[in-house]
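If you're matching positions, the sequence shown starts at -12 in the numbering used here and goes up one per residue.
Cβ coordinates follow ideal geometry from the N, Cα and C atoms, glycine included.
It should be emphasised that the depicted structure is a prediction, and the values quoted were computed from it without experimental measurement.
Remarks on the structure that follows.
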Amino acid sequence: MDRTELVARAVSVKEAPTALKGGSLGVFDIVFFVIAAAAPLAVVAGAAPLAFRLGGVGAPGAYLFSGLVYILCAAGLTAFASHVRNAGAFYAFVGSGLGRPPAAGAAIIALVSYALICFGFYGFFGYYAASSMRELFGIELHWSVYALFAIAIIAVLGYRQITVGARILGVLMVAEVAILAILAIAVLATEGTTHFSVEPFAPNRVFDLTSGGMFVLALGAFLGFESTAIYSEEAKNPKRTIPRATYIAVGFLALFYAFVTWVAVAALGVDGLTEVSLSDTFQGMYFMLADSYLGPWATIAMNVLMVTSLFAATLAFHNATSRYLFALGRDRIAPRRFGATHPRFGSPHRASLAVSVGAIVPVLITVVLSGDPYLHLLLWTNGVGIVGIVFLQLLCMVAVLRYFWKDRRGHGAFRVVIAPALGAIGLTIGLWLMLVNFELLTGIQGWMNGALVGPLLILGIAGVVWAIRAKKRDPGTYGGIGQGTRTITVPSEDN
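The following block contains the structure:
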């Protein structure tokens, strides 16, 4: 390649558009992304039985308490988002509240954490799709075939305009919520008040000394709630859209999880639920309830919707990961080519494709090493990723407090001081419970848990050190850390 070609390429990269398409997402588009990322059917049918097994009948109260913690966090984050608009929400918030070096460390932790969760969900999707296709249709295909197929489909959706993905997520999310709502109505209509009990919400049931593992799952059920702020650059009227979307999503999930898990108690009774949760078949609790109260068709529907639920969650985490990589590329922490957007779709197409290509690697490694897509690819990656995200949520609460401490910028004291402080306390407790019970997230014991989490901390420290050195060696790059908010978004076009 001669010098002229090199100059041409450099100019093309420099002039590539770096603004996401503004005004393309409404309140419910963003709500769909958040709820889809939470994967409500997977949480209820897949994780809630384990929450009952680990913490007893207090699981509904744990979900409700966790939702309250995140509502408190949302108060501060949405206030922050009205002043800081950036596709790399955690990273930008930490930068504005705590400074550029911590922001660089947070950026790397956020990108790696979201990527790990996204990659792990491909394994979960492949595992469950292979199992469902074998049981329902007798089709025998290796799990990696389904995982690679999902990577290909999501690569196309991530490349195109984000509203395409929002519509798909909306349809899938409504379907999985609907089947659980129908089951709940059937249980209540059949049982009446026979097993009604407030015991699942009693403090002594919820905050038992042995409930740590239950809170790992309850807090993890709200993973991705902060992603409303990730879409602030693409939202219509973000100062109103982001807070509304956040409160609707978190409030809905808290009430929905608490209600649907309480319905299991209403169906089985306190003693009956305890017996089922301690049995060898506890994981099939909700499928058993669906078959008993709705019939075999409901079990089939739930199996199919579990697959679509996992697909929707994977797409949502892909979108979040892509936008973090885009934000870091735009601010020159990652290669600048990732900070460009598609001239037609306004999507972070290069970052999206990079995430899709990256997802292939852990899938192939798991296959080559004969690993298990659930025990290894999902649990190991998601265990580390969840800890990373909760740590960043806590760091953001500290950033909110520092940002608004001397000047509340027109916001009330409760929203930007009291609520974030209470949220930080709740997250601190949650993070401690996660680390103490980390083997529940990874499925392994001993020193390997430290070996999994340790590199994430090292990468974060490396980001801080890099930023400190960049302050002297490359002031331009240092000055741009967390400053993607200065970019003017592209107005939406009428089609």
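Across the set Y280, T415, V377, H363, the C-alpha of Y280 shows the shortest separation from the C-alpha of A173. Bridge pairing for L260: absent [DSSP]. The beta carbon of F391 sits closer than 6 Å to those of V403, all from its chain and outside the five residues before and after it, given in chain order.
M293 is the residue among M293, L409, G450, F325 whose C-alpha sits nearest the C-alpha of L167. When Cβ pairs closer than 8 Å are counted between the two stretches, the stretch 232 to 246 is seen not to touch the stretch 443 to 458, the count staying below three. The Cβ-Cβ distance between A222 and L64 does not fall below 7 Å. DSSP, reduced to helix, strand and coil, places A222 within a strand of the structure shown. Runs of the alpha helix (DSSP H) lying entirely within the stretch 6 to 81, each at least 4 residues long, are 14 to 25, 35 to 42, 46 to 68 in chain order.
Where L420 is concerned, the enclosing alpha helix (DSSP H) starts and stops at 406 to 423. Annotation: the continuous alpha helix (DSSP H) that includes S131 extends over 130 to 146. Here V348 is exposed: its Cβ has fewer than 16 other Cβ atoms, across all protein chains shown, within 10 Å. The three-state secondary structure of R395, taken from DSSP, is coil. Here DSSP, grouped into helix, strand and coil, assigns Q432 to coil. T328 sits in coil when the DSSP states are folded into three classes, being neither helix nor strand. When rounded, the separation of the alpha-carbon atoms in A449 and E163 is 41 Å. Here the stretch 114 to 130 makes no contact with the stretch 300 to 310; the two share fewer than three CB pairs at distances below 8 Å. The criterion of a C-beta distance shorter than 7 Å is not satisfied by G207 and I412. Residue nearest to Q380 within the set L41, A299, L59 is L59 (criterion: CA-CA distance). A residue is called buried once 16 or more other Cβ atoms fall within 10 Å of its Cβ, and N224, having fewer, is exposed. About 5 Å separates the beta carbon of F269 from that of R40, a gap short enough to meet the 8 Å contact definition. Secondary structure at L281: coil, using DSSP grouped into helix, strand and coil.
Membership of R121 in the alpha helix (DSSP H) is indicated by the continuous run 87 to 124.
Taking F202 as reference, the option from A285, G417, A251, G410 with the minimal CA-CA separation is G417.
The criterion of a C-beta distance shorter than 7 Å is satisfied by S343 and A142.
Each of G54, I95, L128, A288 was checked against the Cα of F212, and the nearest Cα belongs to G54. In the same chain as I126, and ignoring 5 residues on each side of it, the C-beta atoms closer than 8 Å to its own belong to M120, in chain order. Membership of Y361 in any alpha helix (DSSP H) is not indicated, and neither H nor E is assigned to it by DSSP.
In the structure shown, the three-state DSSP call for E127 is coil.
Look at F274 here: in three-state DSSP terms it is helix.
Ranked by Cα distance from A277, the first of I22, V18, V31, A23 is V31. Setting aside the 5 residues that flank it on each side, R319 is surrounded in the same chain by T464, G467, each with a C-beta closer than 7 Å to its C-beta; the list follows chain order. With contacts defined as CB atoms closer than 7 Å, F67 and V387 qualify as a contacting pair.
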